[in-house]
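Q: Structure incoming, see below.
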Amino acid sequence: MFNIPAVAVSYLIGSLSFAVIVSKYYGMDDPRTYGSGNPGATNVLRSGKKRQPR
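Convert by adding 32 to the 1-based position in the sequence shown; the result is the number in the working numbering.
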């Protein structure tokens, strides 16, 4: 019984693009619009806006 909700929640969390969420939180552009177009952490770091965390 516990497995079905756990799988559903895991699937939903895994489908989130945390690179996009983090870049929006820090006021950066959408990483899918520049560089390689891949919304990954490397492309976010290539954006040139390296800021200290709040």
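Quick reminder that beta carbons are idealized off the backbone N, C-alpha and C, glycines included. Remember, it's a predicted structure, so these values are computed and weren't measured experimentally.
Let me check understanding here. Comparing Cα to Cα, which of Arg78, Ser79, Gly72 lies closest to Ala51?
A: Locating residue 51 in the sequence shown gives position 19, where the first residue counts as 1. Residue Gly72 is the option with its Cα nearest to Ala51.
Q: Could you say if the segment 33-44 and the segment 52-72 meet the contact criterion of at least three C-beta pairs nearer than 8 Å?
A: no
Q: Let me confirm a value: Pro63 is counted as buried when at least 16 other C-beta atoms fall within 10 Å, else exposed. Which label applies?
A: What you label residue 63 is simply residue 31 of the sequence shown in a count that begins at 1. Buried, by the Cβ-count rule.
Q: Ordered along the chain, which non-local residues of its own chain (more than five positions away) have a Cβ less than 7 Å from that of Ser49?
A: The count along the sequence shown starts at 1 and reaches residue 49 at position 17. Closer than 7 Å at Cβ, skipping near neighbours: Pro71.
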